[in-house]
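All the letters of the sequence shown, read from the start, carry residue numbers 9 to 353 under my numbering.
Cβ atoms here follow ideal geometry from the backbone N, Cα and C, with glycine treated the same way.
A quick note: this is a predicted structure, and the numbers were derived from the prediction, not measured.
Worksheet: the structure to be examined is printed underneath.
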Amino acid sequence: MKKSAWGKTADGAAISLFTLTSGRIEVSITDFGAHLVAVRTPDRRGRVADIALGFASAEGYLKTPNAYLGSLVGRYANRIARGHFAIDGRDYQIPINNGPNALHGGPVGFDRYLWKAEEAPNGVELTHVSPDGDMGFPGTMTARVRYTLEGDTLRLDYAATTDKPTIVNLTNHVYFNLRGDDDGDILGHVVQLNADRFTPVNGEQIPTGEIASVAGTPLDFRTPHAIGERIDEDYDQLRLCRGYDHNFVVNGPAGSLRQAARVSEPESGRTMTVETTEPGFQLYTGNFLNGTLTGRHGKPYGPRTGFCIETQQFPDAPHHANFPSTVLRPGETLRSTTTFRFGTE
9 MKKSAWGKTA DGAAISLFTL TSGRIEVSIT DFGAHLVAVR TPDRRGRVAD
59 IALGFASAEG YLKTPNAYLG SLVGRYANRI ARGHFAIDGR DYQIPINNGP
109 NALHGGPVGF DRYLWKAEEA PNGVELTHVS PDGDMGFPGT MTARVRYTLE
159 GDTLRLDYAA TTDKPTIVNL TNHVYFNLRG DDDGDILGHV VQLNADRFTP
209 VNGEQIPTGE IASVAGTPLD FRTPHAIGER IDEDYDQLRL CRGYDHNFVV
259 NGPAGSLRQA ARVSEPESGR TMTVETTEPG FQLYTGNFLN GTLTGRHGKP
309 YGPRTGFCIE TQQFPDAPHH ANFPSTVLRP GETLRSTTTF RFGTE
């Protein structure tokens with residue numbers, strides 16, 4: 009691991025960049041927001057490109073709040089209806105920041121803080137202590153994420169503890185483009201998902217509470233399909249989200265590390281396989297990227313120039329008793345693992 013200076017926060021605190029190398033893969037992480045900044049891999053011809061969308065310097069992350077490019081999202085990734093939830097009969101309110109709802113932990117989420125970094129075997133471990141009442145969430149919560157790179161696999165291990173009952177849903181919001189982060193859209197990427205079911209949403213992209221079969225819908229990726237093959241079909245769930253932006257239920261028991269997705273890009277030959285212990289993941293195809301974010305190579309990130317596979321608990325789980333619980337209590341430790349394995353074909 010190589011550590012280098014990477015700028016300063018508005019109050020003068022030093023920001024660092026940590027670069028991990030292993031074989032043909034190189035990954036960069038910053039302690040500001042625990043962002044995954046870069047993932048550099050070769051194509052089938054050996055040409056290296058950065059396949060994660062990101063900014064060239066810390067300044068890009070500092071000046072672009074809530075862009076979520078590679079950010080560590082918390083306390084609660086994805087949406088909570090009206091920003092409201094209750095635990096043990098007590099109500100809590102998160103500031104709304106996505107229409108009438110709360111998104112990714114509210115307007116000042118974990119991606120806006122400088123995390124404490126320590127070297128770990130083959131990687132770096134980052135820690136953030138969120139105080140009681142932060143964005144309306146109860147309890148002092150300590151969150152950790154360890155990034156490790158071994159061979160062709162990037163591994164993210166999450167952990168969290170609290171001193172009061174709270175809710176938590178941690179993920180990384182990295183956008184990928186296996187062609188290269190400045191090389192066009194992701195519509196030709198071929199996706200296969202290990203998911204028989206998904207959670208449909210309403211017009212505010214809040215889950216209805218149903219856990220539905222993907223069969224017979226454009227969300228059925230149990231066999232490989234290009235992202236662009238059906239993304240503009242006249243199907244209500246695609247219309248509501250302007251494309252794919254849905255939580256899929258990973259087949260197999262939550263808590264066990266199992267495959268969630270495999271993505272390949274025909275021109276470059278790059279592949280990526282995602283495994284997780286989480287019960288779900290959000291497939292998002294960059295529908296709301298609008299060209300206002302300029303990447304590290306000076307090109308704007310327009311619609312559908314990156315995709316996310318955000319391993320997670322279910323969105324809006326506090327309002328749906330049939331969803332896995334996201335409540336964390338004192339004495340418990342939340343743990344989850346997600347891996348990204350990169351290759352070529």
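Query: Beta-ladder partner(s) of E283, from DSSP; Result: Q267, T347
Query: contact_flag[the region 141-151, the region 98-117] where n(CB pairs < 8 Å) is 3 or more; Result: yes
Query: Beta-carbon gap between A13 and W123 smaller than 8 Å; Result: no
Query: Meets three-Cβ-pair contact criterion under 8 Å: the region 11-26 and the region 82-95; Result: no
Query: Beta-carbon proximity of G277 to D51, cut-off 8 Å; Result: yes
Query: Buried versus exposed call for E275 [16 or more other C-beta atoms within 10 Å across all chains shown]; Result: exposed
Query: Spatial distance of Q6 from Q320 (CA atoms); Result: Nothing about residue 6 can be read from this structure; the chain reaches only from 9 to 353.
Query: Distance between beta carbons of D324 and P173, contact taken as under 8 Å; Result: So it is not a contact: roughly 18 Å between Cβ atoms.
Query: First through last residue of the alpha helix (DSSP H) which encompasses G68; Result: 66-70
Query: Opening and closing residue of the alpha helix (DSSP H) in which I235 lies; Result: 235-238
Query: Paired residues, beta bridge with I88 - DSSP; Result: A110
Query: Cβ distance (whole Å) where P308 is taken to contact G299 below 8 Å; Result: 4 Å
Query: Contact check, Y183 vs G68, beta carbons under 8 Å; Result: no
Query: Contacts around S24, its chain only, beta-carbon distance under 8 Å, and the 5 residues preceding and following it disregarded; Result: K11, S12, A13, W14, T38, D39, A125
Query: First through last residue of the alpha helix (DSSP H) which encompasses Q200; Result: Q200 -> not in any alpha helix (DSSP H); beta strand (DSSP E) instead, spanning 198-201.
Query: A325, DSSP secondary structure in three states; Result: helix
Query: Burial state of N210 (16 or more Cβ within 10 Å); Result: exposed
Query: Simplified DSSP state of L164, which is helix, strand or coil; Result: strand
Query: Cβ-based burial, R53 [other Cβ within 10 Å; buried from 16]; Result: exposed
Query: Start-to-end residues for the beta strand (DSSP E) that takes in Q213; Result: No beta strand (DSSP E) holds Q213; DSSP gives it neither H nor E.
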